[in-house]
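Position one of the sequence shown corresponds to residue -6 (the numbering used here), numbered consecutively onward.
These notes are about the structure you will find just below.
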Amino acid sequence: MPRASRSRRDPVKATVIGGGLAGCEAAYQLAERGVAVTLVEQKPVARTPAQTSDRLCELVCSNSLRGAALVNAVGLLKEELRRAGSLILSAADVAKVPAGGALAVDRDKFSGAVEARLDAHPRITREARVVTEIPEATAEHPVILATGPLTGDALAADLAKAVGQAHLAYYDAIAPIVAADSIAWDRVFRQSRWGKGGETEGGDDAPMDAEALGDEAYVNCPMDEEQYKAFVRELVASQKVEARSFEDVRYFEGCLPIEIMAARGEMTLAFGPMKPVGLTDPKTGRRPFAVVQLRAEDEAMTAYNLVGFQSRMTYGEQNRVFRMIPGLEECEIQRYATVHRNTFVDAPVLLDETLQLKARPHVYLAGQITGVEGYVESAGSGFLCGVLLAQRMRGEAITPPPKDTALGGLMTHVGRPQPKYMPSNITWACLPPHENRRLKKRDRYQALSERAIVSIERWLSTAPLLRGPAIVQGVA
């Protein structure tokens, strides 16, 4: 249960709204750096439709924090957070259960471990109440919103008023991302419609430099009529993820799941996202019957998204059906397609490098509302928001994490301008590529992790407030 306020007062104070992974992590990191924190959580007064308990950090969808190995980007993110003194990773390690190569936890034990640490902290006070509007915030008393993907309607409306309705989304529609080195380059070709932005055949030596190709260059996976019709049949017949009762997903015509479009008619996709107009296959000299277009996900072109391929297919079906696409027969999917209820802002437009709202100074956002996806990513976002805000409040120079770390990759994602910003898990495309392009994939991922760990340790040593637990004695 929430505790009454303690009698001691700290010179600086902050309010964190939301008792999920991001909010609890942000509150803890602020408190560890000498900031008095009021952590506001609406439970037990109210719950979102997805919540079933009154605990903090309730894991709603799964008890898994995903892969633990350093050859996984999320595994690297967990390791960085451990080294940086993350509350969430500490609690997860206490509550872990056997799960092979993943980090899974006992939900109740996990929530209990988080609550115990927060309730024992002399600079954290908990309050249970529903917040319906963004509180007034000042430099001496900033506010962090970490209200998650099911942010209440009243608070979401107030946020929309602050940032503009066009910059707040209520549903995401995420296209899949595939690793560049898993594409069969001899089966695809680079070309934009009407020849704009580069036109080259594929192959092992296909150019991999964004500037050389032009901003509008796409990778095209051509299909003949037989391949296209077989692909459409499997899209329609595929197993879909059932919408949860609280989602009430309403599809927008401009962002329909690929299988919904396919079900409207056999030729719908051929006149939609798979239309071949303006394209010529260099191998045949003719226009393909249909194409799947891939667009670079990062400047180094280490990953590509399937344009217009948002989907509610299960992950297993995505692996099966998307591998019917010529050139993607052995593709490695780094991020799966999804469509679900998710309140998030257009972070690259609205937030500064410390996750502060540009339109509302001293109001910060953390967690899934910023467009990060996943438990660990939410914790990472909360960690960064708390640490960078503490630096600002205590007069220290702001030092964001290096771009070649997973934490830096999260900041790259929320700060990188995109034609249509969508939430994402941490992927290797969020980090700069490794200098040695000749490494095999697994070795390259391991090398990226090793580089990141060196970089994160160097970063943690650059400023007194970055290693929170080490400075508690100086401010207690």
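For every residue, glycine included, the Cβ atom is placed at its ideal position computed from N, Cα and C.
Only a predicted model underlies this, so the values are computations on that prediction, with no experimental measurement involved.
_Less than 6 Å between C-beta atoms, sequence neighbours within five positions excluded: which residues of the same chain meet that for Q35?_
For the purposes of this step, residue 35 is identified with residue 42 of the sequence shown, where counting begins at 1. Contacts found: V123.
*Do the CB positions of T125 and L148 come within less than 7 Å of each other?*
Here residue 125 is taken as the residue at index 132 of the sequence shown, counted from 1. Here residue 148 is taken as the residue at index 155 of the sequence shown, counted from 1. Their beta carbons are under 7 Å apart, which means T125 touches L148 by this criterion.
*Is E28 near A7, with beta carbons less than 7 Å apart?*
Position 35 of the sequence shown, counting from 1, holds the residue named residue 28. Position 14 of the sequence shown, counting from 1, holds the residue named residue 7. A small fix is needed here, since residue 28 is Val in this sequence, not Glu. Contact flag set, yes.
*With burial defined as no fewer than 16 other Cβ atoms inside 10 Å of the residue's Cβ, what is the status of A97: buried or exposed?*
Mapped onto the sequence shown, residue 97 falls at position 104. A97 is buried by the Cβ-count criterion.
*asked:* Starting from C214, trace the beta strand (DSSP E) in both directions and tell me its first and last residue.
replied: Indexing the sequence shown from 1 puts residue 214 at position 221. Unbroken beta strand (DSSP E) run through C214: V212 to M216.
*Since L32 is in the beta strand (DSSP E), which residue starts that stretch and which ends it?*
Position 39 of the sequence shown, counted from the first residue, corresponds to residue 32. Looking at the DSSP string, the run of the beta strand (DSSP E) that includes L32 is A29 to E34.
_So G375 and E108 are supposed to be a Cβ contact under 8 Å. How far apart are they, rounded?_
As a working mapping, residue 375 is identified with position 382 in the sequence shown. As a working mapping, residue 108 is identified with position 115 in the sequence shown. So it is not a contact: roughly 16 Å between Cβ atoms.
*Under the three-state reduction of DSSP, which class applies to N312: helix, strand or coil?*
Along the sequence shown, one-based indexing puts residue 312 at 319. Of the three classes helix, strand and coil, the one that applies to N312 here is helix, per DSSP.
_I'd like the span of the alpha helix (DSSP H) that includes I449, first residue to last._
Sequence index remark: in the sequence shown, residue 449 carries index 456 (1-based). Per DSSP, I449 belongs to the alpha helix (DSSP H) from K434 to L453.
*Among K154, A159, V356 and G364, which residue has its Cα nearest to the Cα of R409?*
Counting from one through the sequence shown, the residue named residue 409 turns up at place 416. For the residues K154, A159, V356 and G364, the minimum Cα distance to R409 belongs to G364.
*Assumed close pair Q286, A330 - CB separation to whole angstroms, cut-off 8 Å*: Counted from its first residue, the sequence shown places residue 286 at position 293. Counted from its first residue, the sequence shown places residue 330 at position 337. About 15 Å; that fails the 8 Å criterion.
*D291 classed as buried or exposed, judged by whether at least 16 other C-beta atoms fall within 10 angstroms*: Mapped onto the sequence shown, residue 291 falls at position 298. Under this definition D291 is a buried residue.
*asked:* How far does the alpha helix (DSSP H) with A150 in it extend, from its first residue to its last?
replied: Taking the sequence shown and counting its residues from 1, the one referred to as residue 150 is at position 157. Element bounds for A150: D146 to V156.
*Nearest-angstrom Cα distance between I391 and R430?*
In the sequence shown, residue 391 corresponds to position 398, counting from 1. In the sequence shown, residue 430 corresponds to position 437, counting from 1. Approximately 33 Å, taken between the alpha carbons.
_If distances are taken between C-alpha atoms only, which option among R180, F315 and V33 comes closest to K276?_
Here residue 276 is taken as the residue at index 283 of the sequence shown, counted from 1. With distances taken between Cα atoms, K276 lies closest to R180.
_Pick from R48, F264 and T140 that is closest to G360, judged by C-alpha positions_ = Position 367 of the sequence shown holds residue 360. When only C-alpha atoms are compared, the closest one is T140.
*asked:* For a minimum of 4 consecutive residues, which ranges assigned as the alpha helix (DSSP H) are wholly contained in the segment 285 to 373?
replied: 308 to 315 and 340 to 343
*Put F282 into one of helix, strand or coil per three-state DSSP.*
Taking the first residue of the sequence shown as position 1, residue 282 is located at position 289. Here F282 sits in coil by DSSP.
*Between E120 and T31, is the Cβ-Cβ spacing less than 7 Å?*
Walking along the sequence shown from the start, residue 120 turns up at place 127. Walking along the sequence shown from the start, residue 31 turns up at place 38. In contact: E120 and T31 (Cβ atoms closer than 7 Å).
*Starting from G60, trace the alpha helix (DSSP H) both ways and give me its first and last residue.*
Walking along the sequence shown from the start, residue 60 turns up at place 67. Not the alpha helix (DSSP H): G60 falls in the beta strand (DSSP E), residues S57 to G60.
*With 16 as the cutoff for other CB atoms within 10 Å, does R316 come out buried or exposed?*
On the sequence shown, position 323 is the one that residue 316 refers to. When all chains shown are included, R316 counts as exposed.
_Taking its Cβ as the centre, do 16 or more other Cβ atoms sit within 10 Å of Q311, making it buried, or is it exposed?_
Residue numbering aside, residue 311 sits at position 318 when the sequence shown is read from its first letter. By the 10 Å Cβ count, Q311 comes out buried.
*asked:* Tell me the rounded alpha-carbon separation between R279 and R226.
replied: As a first step, residue 279 must be located in the sequence shown, where it is residue number 286. As a first step, residue 226 must be located in the sequence shown, where it is residue number 233. If I take the Cα positions, the gap works out to 25 Å.
*Residue from Q439, V447 and E389 whose Cα sits closest to the Cα of A66*: Within the sequence shown, residue 66 is the residue found at index 73, counting from 1. Checked all of Q439, V447 and E389; the closest Cα to A66 is Q439.
_Reduced DSSP secondary structure (H/G/I, E/B, other) of V476_ = Residue numbering for the chain in the displayed model covers -6 to 469; residue 476 lies beyond these limits and cannot be assessed.
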